Amino acid sequence: MYNPLKIHRWDRIFFACLAGSIFILTLTITWISYTVSSKALLQTTSYYQQGLLTELNKKTMIQLDAIEQTSLSTTLNMDFLDYLSYNGDDDYTHNKKYNDTLQYLTNIANSVSNIFSIHLYIEHPVRSDRQRTVQFYDFSRLQKESWYPEVKTTDFAWIGEHTIDTFQGRMSVLSFARKIYSSSNEYKGLILINVKASAIRSLIQAGSGSANRMLFDSGGNLLVGVGQPIAADNVSAYVKNPISGAGSLRIDVKNHQRYLLAWSKMFNSDWTLTEITPWRKVTNGSLKLAELLLIIGLSTILIAIAISLSISRQLHKPLGILVKAMGKYAFDSSKVSLPDDYRNEFGYLFNSYRRQMERIDELYRTLEVQLRRQREAEVKALQANINPHFLYNTLDQINWMAMQEGQYKISNILELTGQMFRIGLSNGESLIPIADELRHVECYLRIQQLRWENGLDYEVRVPDRLTTCLIPKITLQPFVENAILHGFHGRSAGFILIEAFGFDRGITIRITDDGRGFQVNGPDNRKKVKGGYGIRNVRERIDALFGSLYGVTIESTLSKGTVVSVSIPLLAQPTASS
Numbered sequence: 117m118y119n120p121l122k123i124h125r126w127d128r129i130f131f132a133c134l135a136g137s138i139f140i141l142t143l144t145i146t147w148i149s150y151t152v153s154s155k156a157l158l159q160t161t162s163y164y165q166q167g168l169l170t171e172l173n174k175k176t177m178i179q180l181d182a183i184e185q186t187s188l189s190t191t192l193n194m195d196f197l198d199y200l201s202y203n204g205d206d207d208y209t210h211n212k213k214y215n216d217t218l219q220y221l222t223n224i225a226n227s228v229s230n231i232f233s234i235h236l237y238i239e240h241p242v243r244s245d246r247q248r249t250v251q252f253y254d255f256s257r258l259q260k261e262s263w264y265p266e267v268k269t270t271d272f273a274w275i276g277e278h279t280i281d282t283f284q285g286r287m288s289v290l291s292f293a294r295k296i297y298s299s300s301n302e303y304k305g306l307i308l309i310n311v312k313a314s315a316i317r318s319l320i321q322a323g324s325g326s327a328n329r330m331l332f333d334s335g336g337n338l339l340v341g342v343g344q345p346i347a348a349d350n351v352s353a354y355v356k357n358p359i360s361g362a363g364s365l366r367i368d369v370k371n372h373q374r375y376l377l378a379w380s381k382m383f384n385s386d387w388t389l390t391e392i393t394p395w396r397k398v399t400n401g402s403l404k405l406a407e408l409l410l411i412i413g414l415s416t417i418l419i420a421i422a423i424s425l426s427i428s429r430q431l432h433k434p435l436g437i438l439v440k441a442m443g444k445y446a447f448d449s450s451k452v453s454l455p456d457d458y459r460n461e462f463g464y465l466f467n468s469y470r471r472q473m474e475r476i477d478e479l480y481r482t483l484e485v486q487l488r489r490q491r492e493a494e495v496k497a498l499q500a501n502i503n504p505h506f507l508y509n510t511l512d513q514i515n516w517m518a519m520q521e522g523q524y525k526i527s528n529i530l531e532l533t534g535q536m537f538r539i540g541l542s543n544g545e546s547l548i549p550i551a552d553e554l555r556h557v558e559c560y561l562r563i564q565q566l567r568w569e570n571g572l573d574y575e576v577r578v579p580d581r582l583t584t585c586l587i588p589k590i591t592l593q594p595f596v597e598n599a600i601l602h603g604f605h606g607r608s609a610g611f612i613l614i615e616a617f618g619f620d621r622g623i624t625i626r627i628t629d630d631g632r633g634f635q636v637n638g639p640d641n642r643k644k645v646k647g648g649y650g651i652r653n654v655r656e657r658i659d660a661l662f663g664s665l666y667g668v669t670i671e672s673t674l675s676k677g678t679v680v681s682v683s684i685p686l687l688a689q690p691t692a693s694s
C-alpha cells in the first residue's frame, strides 16, 4: 500500500499538508458562508416579495372586481335589455333607445377611470362612431375577433393584454367580456369592457421599475406583465393549479437559467400575482462574499507557504545533521560530532543518539565477551557428551562380565538398560520416531517384568502408519513408571495398555493402567495430577515445542485405574532427500 509518509521528505509533506488544509478550509468556509448567506437572502427577499405582492394583489383585485361588477350591473339594467330586445320599434323609438343606451354606457366609461372603452356586439346596431368611447358592432363580427375562443364557452372571462384599433391608433388594453341574456334567458349579445393596460401595469409595478411581475387568471393565462418577465409558459405551469396564500420556489426555465418565483393569491380571488427574480440577482451578495473569502483564503495560503517554507527548512536542518551522522556511523563507528546548542526536542534527539551510540559500543564489547564465553561453553559441552557414551560402554562391559559369571537375568537387565541409553542419546535429536519411543518404553517394561516375574503384563496397540511420526523422546516412560510405582504399589499384579489414535493433524497416545487410582479433585491428589519431575518435564517440553493446543491430561478413578492422554501434532519423519 502506497504511503507518502514513508517515501517523501517530511518537510515537503508538511508544506503540502499545510497548504492543502488551508485551501480546503477556505473552500469549506466559503461554501458554508455562501450557502448560509444565500439562504438568508433568499428568505428575506422571498418574505419581502410575498408581502408586497399580497398588497398589490389586493389593490388589483379591487380594480378588476369593480370592472366585473360594472359589467354585471350593466347587463341587468332593464332599459339596456329593452334596447337589445328590438321588438319592432319604429325608427324614432329605436333611435331614442339607442341614444339612451349610448349615454348610459358613456357615463359608465367616464365614471370609472380605468375603463378605456366599451364595445357592444348586438344584432341590428344603429351606427358606430370610432371617436366615441362606446362602440356598437354587429353580432356577426364577434366570431372574427382573435380573442373570441377565450369567451366562446363561458359567460364571462378576462382577456389578456392585446391591442385594439382606436381613433388615436393601436392601443394596448385588457378586456373583460360578458355575455348578455334577456330576462327569458335569451342570448342577446356581448359587452366588452376595455381597461387600460398601462393602468394595470402601473398598479402592479408599484413604482419599482426593475421588478418583473406577471398577473395570471385562474386558468394560468397571462393577463399583463411588467419589467422583463420570462416566457409566460415557463411560469403558468406553477400557477395553473389552485394556489392559496403566498409562497416562493426556485424554477429552472428552458434556457437553463434559474429564477426565484414568488406569488400571491387571495383566497376569494382568481388572480395570481407573481414576481420573477433572476437567481443570480438574489444571491449576488453571497457571491461577492464568497469571492472576498476566496481572495482572503488565497492570500492566507501564500503567506502560509512562505512561513511554512522558512519553518520547514529550520526544522529539517537538525534532522539532516542527525541522518548524516547515522549514515556515517554505518560505515565508520568512530565518534560523530553533533550540535550541543539545541535545548528542544532536537537536542533531546541528539543526546539520545549519543547515549545510544555509547550503549551500542558497550553492548558490542559485551557481545564479544559473550561470544568468547559461548565458544568455551560449546567446547565443554562436547567434552560432557563423552560421559553418556562412556557410561553406555561401561554397562556393556558389565553385561559381558555378568554373562561370564552366569548371571543371565542381570545380563538381560543390563542389555535392556543399554538399549534405553542408546535410544535416549539418539544422536542428540530431541524428536524421535514413535517406534523408537515405544521400544524405549518396552525396554523399561521388560526390565520391570523381570523384577515382577509373571505379575506385570502390558499391551501396545499402535497403528503402523503412526510409528514413523515424530515425538519428543522420553515422553511415555515417566507415565509408565508412575503407574508401576504408584498405581501398582502394594500389589502383585498389574496391566498397562498403550494405544495411539490419529486425529485431524494430531496424535493422541493413551496409557491406561488398572491400578488403584485416585480422586482427581481431592485436595491431597492435585500434586499427583500435575506429576513429579518427570511428568512436569514432559508437560513443559510439549508446551515449549507445540504450544498450549497440545499437552497431557490425566483421568483417574479410585480403585479402577488411571488414564493418561498425551496429545502431540502429527509430524511426519523427514525422508533422506528432504
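The sequence shown begins at 117 in the working numbering and counts up one residue at a time.
We treat Cβ as the ideally placed atom computed from N, Cα and C, and that holds for glycine.
Here the structure is a predicted model, which is why all the values come from computation and not from measurement.
Across the structure, I625 and V682 are spaced so that their CA atoms are roughly 5 Å apart. Under the DSSP assignment, A551 falls outside any beta strand (DSSP E), being part of the alpha helix (DSSP H) whose first and last residues are 550-568. Residue state for L331 is assigned as strand, using DSSP reduced to three classes.
Runs of the alpha helix (DSSP H) lying entirely within the segment 258-337 and spanning at least 4 residues, in chain order: 264-267, 313-321. The shortest C-alpha to C-alpha distance from N460 to any of L435, T673, K213, T482 is the one to L435.
Taking all protein chains in view, the Cβ of R429 is surrounded by fewer than 16 other Cβ atoms within 10 Å, so the residue is classified as exposed.
Residue pairing from DSSP places V342 in a beta bridge opposite R329. Residue pairing for P588: DSSP places it in a beta bridge opposite L547.
Looking only at L197, G603, S189, Q523, the smallest Cα-Cα distance to S299 is reached by L197. In this structure, G631 lies away from L674, with their beta-carbon atoms at least 8 Å apart. Collapsing the DSSP output to three states places W379 in a strand.
Three or more pairs of CB atoms, one per stretch, sit closer than 8 Å, so the segment 572-590 contacts the segment 543-554. In the three-state reduction of the DSSP assignment, P434 falls in the helix class, which pools H, G and I.
DSSP places T533 in the uninterrupted alpha helix (DSSP H) bounded by 524-541. Distances from the CA of R577 to each of I140, K525, E569, I627 were compared; the closest alpha carbon is that of I627.
Per the Cβ contact rule, the segment 236-245 is in contact with the segment 298-313 (3 or more Cβ pairs under 8 Å). For I138, the closest C-alpha among the options A518, P549, A420, L530 is that of A420. Looking only at D271, D580, I275, the smallest Cα-Cα distance to E261 is reached by I275.
Rounded to whole angstroms, the separation of the alpha carbons of P394 and L331 is 18 Å.
Per DSSP, the unbroken beta strand (DSSP E) holding T628 starts and ends at 622-629. When C-beta atoms of the segment 155-162 are compared with those of the segment 395-414, three or more pairs fall below 8 Å, so the two segments count as touching. For the pair H240 and T190, the Cα-to-Cα distance works out to about 19 Å. Short of 7 Å from the beta carbon of M177, and not among the five residues preceding or following it, lie these beta carbons of its own chain, in chain order: M382, S385, W387.
The three-state secondary structure of S154, taken from DSSP, is helix.
Per DSSP, Y574 is one residue of the beta strand (DSSP E) stretching across 572-577. With respect to the 8 Å criterion, Q486 and T584 are not classified as neighbours on the basis of their beta carbons.
Excluding five sequence positions before and after E184, the CB atoms of its chain that fall closer than 7 Å to its own CB belong to F292, given in chain order. Scanning I548, L405, I623 for the CA closest to the CA of V152 turns up L405. Its chain contains no residue whose beta carbon lies nearer than 6 Å to that of H124 once the 5 sequence neighbours on both sides are disregarded. Going by DSSP, A609 is part of no alpha helix (DSSP H) at all; its letter is neither H nor E. For G677, the CB contacts under 6 Å within the same chain, skipping 5 residues up- and downstream, are D629, D630, G631, G633 in chain order. In the three-state reduction of the DSSP assignment, A688 falls in the coil class, being assigned neither a helical nor a strand state. Around the Cβ of R374, a 10 Å sphere holds fewer than 16 other Cβ atoms; the residue is exposed. By the Cβ-count criterion, V342 is buried, with 16 or more other Cβ atoms from all chains shown falling within 10 Å of its own Cβ.
Between the segment 651-661 and the segment 600-618 there are fewer than three inter-stretch CB-CB distances shorter than 8 Å, so the stretches are not counted as touching.
Residue state for L613 is assigned as strand, using DSSP reduced to three classes.
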